[in-house]
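*Asks:* Quick one: structure below, then a few questions.
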Amino acid sequence: MRWITNKANPFLTYAVVLFFVFDGLALGMNIWLTQRIQTQTIELNLAGRQRMLSQKMVKEFLYAPPGAANKAQLSQFTQTVNLFDRTLSAFRIGGSTIDTNNQLVTLDAIHERSYYNIVEETWGIWLPLRETALQYIASPTPTLFVELNQAFLQSNHIILNLMNDLALAIEQQARYETGQIRLLQTVALMLGMLNFLAAFLLYRLKLKTLEKEKSVVDALLNDMPAAMVFTSEEGSILKANPRFIQLIGVDFESIKQHKLKDLVEPHPKHDKYYQLSAIALNRAIIKTEQTTVQQDGEKIIVWRLEDASYELQERNSLSTLAYKDSLTGLDNRLAFEDHFNRQNKLANKEHLFALMFIDLNNFKIINDNFGHHKGDAVLKEVGFRLQALVTDTCHIARFGGDEFLVLQQHLDDEEKAIVLAQTIAEVLKQPFYIESDTLNIYASIGIVTFRGHYDSLNRLVSTADEAMYEAKSSTENISIKLLHLK
260 MRWITNKANP FLTYAVVLFF VFDGLALGMN IWLTQRIQTQ TIELNLAGRQ RMLSQKMVKE
320 FLYAPPGAAN KAQLSQFTQT VNLFDRTLSA FRIGGSTIDT NNQLVTLDAI HERSYYNIVE
380 ETWGIWLPLR ETALQYIASP TPTLFVELNQ AFLQSNHIIL NLMNDLALAI EQQARYETGQ
440 IRLLQTVALM LGMLNFLAAF LLYRLKLKTL EKEKSVVDAL LNDMPAAMVF TSEEGSILKA
500 NPRFIQLIGV DFESIKQHKL KDLVEPHPKH DKYYQLSAIA LNRAIIKTEQ TTVQQDGEKI
560 IVWRLEDASY ELQERNSLST LAYKDSLTGL DNRLAFEDHF NRQNKLANKE HLFALMFIDL
620 NNFKIINDNF GHHKGDAVLK EVGFRLQALV TDTCHIARFG GDEFLVLQQH LDDEEKAIVL
680 AQTIAEVLKQ PFYIESDTLN IYASIGIVTF RGHYDSLNRL VSTADEAMYE AKSSTENISI
740 KLLHLK
């Protein structure tokens, strides 16, 4: 149906243009948010790896004393020092480095970020340490060995804590930026709804000039670009535009036999979303808007339906990107921290918790001897095996590299934690069949137990990490160390 006068056409044009403007704005913000999450994921992984590299430097240095160090040991120590230095420099002033997947990545300088002071403080501690390390690499003398050993003792723990602080600051920045963009998206949605309301009011004004033989319902249905359907107050379908017929996939004569609630029903999993019922031939997740008009003294409900299947899929993809480790399928560190915080808020002094730090032994040998692609395959299988152990009271996440975290809540006693740790160790000790190779790893596990509310997850992880290293120093293939926190 057409308007009586062409003067109404500009209003329709403006409404459509604003619709695309608001949709484009929301899409642009989603793209920007996705890119920021990807960048911050890389930064978070690199911050975690810096912590691992700082520990690795100490290990490789201790394995390369003067007179006993061979070229391969010094070369490995040199690579670790250079990679730590390169990544820290990239954080500080921007530049390229190697990521955890051994790919070249470029970081932007973080001068304007809230955690720049953490990087600067780390840099100030690292500079003299790096100079001594490079001197020792060039000339491994006993004097330099003692000097560098003292430097590591004084500085490495500080650097570890600073890298933990950096990872936490990056996570907090990611949450803040996500909150800001969500706020902007909400504003864009509200503007879009106001645009729809304004367009609808303009239509109402222009409908008064329609031809006498044409009804308000007919004019609105034919001029609205969205899927529109008009129902009585009881829900019986009166009119529908072609876009609605296309969305449902059923001809209008068949649709008229049903009420709208028979065609559109609440989605069982997603609040404020709906889905098409079995009567419809198509399948889609939709959002609805409604308003009420008066015609000949009777109330008519005007429904606007929008296919939201792609929007929901994109939202789920962003959630997965932010909270899932893409390689193992387990939760990542950010998801683990959120889970810990939720449990921590509900904890009382009677609740017994256990936090485990798992490190895979022999994994570096697999990477070096069989290649990173087979190392990744091992990590995927580790994720699959650990996923089978996840329960309502046991949460498992990848901490970074070949390190994993486990949180058990509401334990009866500490023996339950030890039993789970032994189960994990046994599961990971089983051979890994990767292509034509049979590969073997085993786990070192540190456990820290505590009761009730505990404020510092970082301290818990650090304590469990220390327990793991004590376990690693044992001679058994399966190493478990239990500590207690009051």
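Numbering (my numbering), first residue to last: 260 to 745.
Even for Gly, the Cβ is constructed at its ideal location relative to N, Cα and C.
Since the model is a prediction, treat every value here as computed from it, not as a measurement.
1. Using the Cα positions of K515 and S495, report the straight-line distance between them to the nearest angstrom.
2. What are the uninterrupted segments assigned as beta strand (DSSP E) that are 3 or more residues long and contained completely in the stretch 491-547, given in chain order?
3. Applying the criterion that 16 or more other CB atoms from any shown protein chain within 10 Å of the CB defines a buried residue, is E662 buried or exposed?
4. Unbroken alpha helix (DSSP H) runs of length 4 or more, entirely within the stretch 345-386: which are they?
5. Which term fits L666, buried or exposed, when burial requires 16 or more other beta carbons within 10 angstroms of its beta carbon?
6. Can you tell me whether E565 is helix, strand or coil according to DSSP?
7. Identify whether L670 lies in helix, strand or coil by the three-state DSSP scheme.
8. Along the chain, where does the alpha helix (DSSP H) that runs through G634 open and close?
9. Give me the residue from S348, N360, W382 with the minimum Cα distance to D367.
10. If you draw a straight line from the C-alpha of F343 to the C-alpha of L303, how long is it?
11. Who are the near neighbours of F616 in its chain, counting only those whose CB is closer than 6 Å to its CB and skipping five residues on each side?
12. Judging by CA-CA distance, which residue of Y713, L698, L645 is the nearest neighbour of N600?
13. Run through DSSP, which three-state label would E725 get?
14. Might you give, ordered along the chain, the residues of its own chain that have their beta carbon closer than 7 Å to the beta carbon of N591, omitting 5 neighbours on each side?
15. Pull up the CB-CB distance for L730 and S703, whole angstroms please, since I reckon it's below 8 Å.
16. Taking Cβ to Cβ, would you say L679 is nearer than 8 Å to L589?
17. Are the CB atoms of L564 and F503 within a distance shorter than 8 Å?
18. Just to confirm, does T293 get its C-beta within under 7 Å of one of the non-hydrogen atoms of the ligand FMN?
19. Taking 8 Å as the limit between beta carbons, can you name the residues of its chain near H255, skipping five residues before and five after?
20. Does DSSP put V276 in a helix, a strand or coil?
21. Report the residue ranges of all beta strand (DSSP E) runs contained in full by the stretch 676-712; include only those spanning at least 3 residues, in chain order.
22. Spell out the partners DSSP gives F616 in its beta bridges.
23. DSSP beta-bridge partners for I560?
24. Among all the DSSP beta bridges, which residues are the ones paired with K583?
25. Would you be able to state if there are at least three C-beta pairs under 8 Å between the stretch 348-367 and the stretch 389-409?
26. Determine the DSSP secondary structure at H654, reduced to helix, strand or coil.
27. Suppose you measure from the CA of T339 to the CA of R345; what does that come to, to the nearest Å?
28. In angstroms, rounded to a whole number, what distance separates the CA positions of L464 and G283?
29. Three-state secondary structure (DSSP) at H416?
30. Name, in chain order, the residues that DSSP records as bridge partners for H743.
31. Suppose the cutoff is 8 Å on Cβ atoms and the five residues either side in sequence are ignored; what does the same chain contact list for G313 look like?
32. For E436 and R308, what's the separation of their Cα atoms in angstroms?
33. With a cut-off of 8 Å, do at least 3 Cβ pairs link the stretch 684-704 to the stretch 607-627?
34. Of the choices R372, D566, Y322, L460, whose alpha-carbon is the least far from that of F404?
35. Would F748 be called buried (16 or more neighbouring beta carbons within 10 Å of its own) or exposed?
36. Expressed to the nearest angstrom, what Euclidean distance is found between the alpha-carbon atoms of L393 and L407?
*Replies:* Result, derived from the coordinates:
1. Within the sequence shown, residue 515 is the residue found at index 256, counting from 1. Within the sequence shown, residue 495 is the residue found at index 236, counting from 1. K515 and S495: Cα-Cα distance of roughly 7 Å.
2. 496-499, 523-525, 533-535
3. Walking along the sequence shown from the start, residue 662 turns up at place 403. Buried, because 16 or more other Cβ atoms sit within 10 Å of the Cβ of E662.
4. none
5. Numbered from its first residue, the sequence shown carries residue 666 at position 407. Buried, since its Cβ has 16 or more Cβ neighbours within 10 Å.
6. Here the question's residue 565 lines up with position 306 in the sequence shown. E565: strand per DSSP, three-state reduction.
7. For this step, residue 670 is matched to residue 411 along the sequence shown. Of the three classes helix, strand and coil, the one that applies to L670 here is coil, per DSSP.
8. Translated into positions along the sequence shown, residue 634 becomes position 375. That run of the alpha helix (DSSP H) goes 631-646.
9. Here residue 367 refers to the residue found at position 108 when the sequence shown is read from its first residue. The shortest C-alpha separation from D367 is found at S348.
10. Locating residue 343 in the sequence shown gives position 84, counting from the first residue. Locating residue 303 in the sequence shown gives position 44, counting from the first residue. For F343 and L303, the distance between alpha carbons rounds to 15 Å.
11. Translated into the one-based positions of the sequence shown, residue 616 becomes position 357. Around F616: G705, A723, D724, M727.
12. As a working note, residue 600 is residue 341 in the sequence shown. Of the candidates Y713, L698, L645, the one whose C-alpha sits nearest the C-alpha of N600 is Y713.
13. Position 466 of the sequence shown, counted from the start, is the residue given in the question as residue 725. Correct three-state label for E725: helix.
14. Residue 591 sits at position 332 when you count from the first residue of the sequence shown. Closer than 7 Å at Cβ, skipping near neighbours: Y582, K583, D584, A656, R657.
15. Locating residue 730 in the sequence shown gives position 471, where the first residue counts as 1. Locating residue 703 in the sequence shown gives position 444, where the first residue counts as 1. For clarity, residue 730 is Ala in the given sequence; the question names Leu instead. At roughly 5 Å, the Cβ-Cβ gap stays under 8 Å, so A730 and S703 are in contact.
16. Looking up residue 679 in the sequence shown gives position 420. Looking up residue 589 in the sequence shown gives position 330. Contact flag unset, no.
17. Position 244 of the sequence shown, counted from the first residue, corresponds to residue 503. Position 305 of the sequence shown, counted from the first residue, corresponds to residue 564. Cβ atoms of F503 and L564: closer than 8 Å.
18. Absent from the structure shown: the ligand FMN. Ligands present: none.
19. A query on residue 255 cannot be resolved here, the shown segment of the chain reaching from 260 to 745 and no further.
20. The residue labelled residue 276 in the question sits at position 17 within the sequence shown. In this structure, V276 counts as helix in the three-state DSSP scheme.
21. 691-693, 696-698, 701-710
22. Numbered from 1 along the sequence shown, position 357 holds the residue referred to as residue 616. Partner(s): L664, G705.
23. Position 301 of the sequence shown, counted from the first residue, corresponds to residue 560. Looking at the DSSP assignment, I560 forms a beta bridge with T490, T551.
24. Within the sequence shown, numbered from 1, the residue matching residue 583 stands at position 324. Partner(s): D590.
25. no
26. For this step, residue 654 is matched to residue 395 along the sequence shown. Residue state, collapsed to three classes: strand.
27. Indexing the sequence shown from 1 puts residue 339 at position 80. Indexing the sequence shown from 1 puts residue 345 at position 86. In a straight line, the C-alpha of T339 is about 10 Å away from that of R345.
28. Mapped onto the sequence shown, residue 464 falls at position 205. Mapped onto the sequence shown, residue 283 falls at position 24. The straight-line gap from Cα to Cα measures roughly 28 Å.
29. Indexing the sequence shown from 1 puts residue 416 at position 157. DSSP places H416 in helix when its eight states are reduced to three.
30. Within the sequence shown, residue 743 is the residue found at index 484, counting from 1. Partner(s): T708.
31. Counted from its first residue, the sequence shown places residue 313 at position 54. The sequence shown places Ser at residue 313, rather than the Gly named in the question. Within the same chain, S313 has close Cβ partners F343, N415, I418, L419, M422.
32. Here the question's residue 436 lines up with position 177 in the sequence shown. Here the question's residue 308 lines up with position 49 in the sequence shown. One C-alpha to the other measures close to 23 Å.
33. yes
34. In the sequence shown, counting from the first residue as 1, residue 404 sits at position 145. Closest option to F404, Cα to Cα, is Y322.
35. A question about residue 748 goes unanswered here, because the residues of the chain that appear run from 260 up to 745.
36. Translated into positions along the sequence shown, residue 393 becomes position 134. Translated into positions along the sequence shown, residue 407 becomes position 148. Going by the C-alpha atoms only, they are around 10 Å apart.
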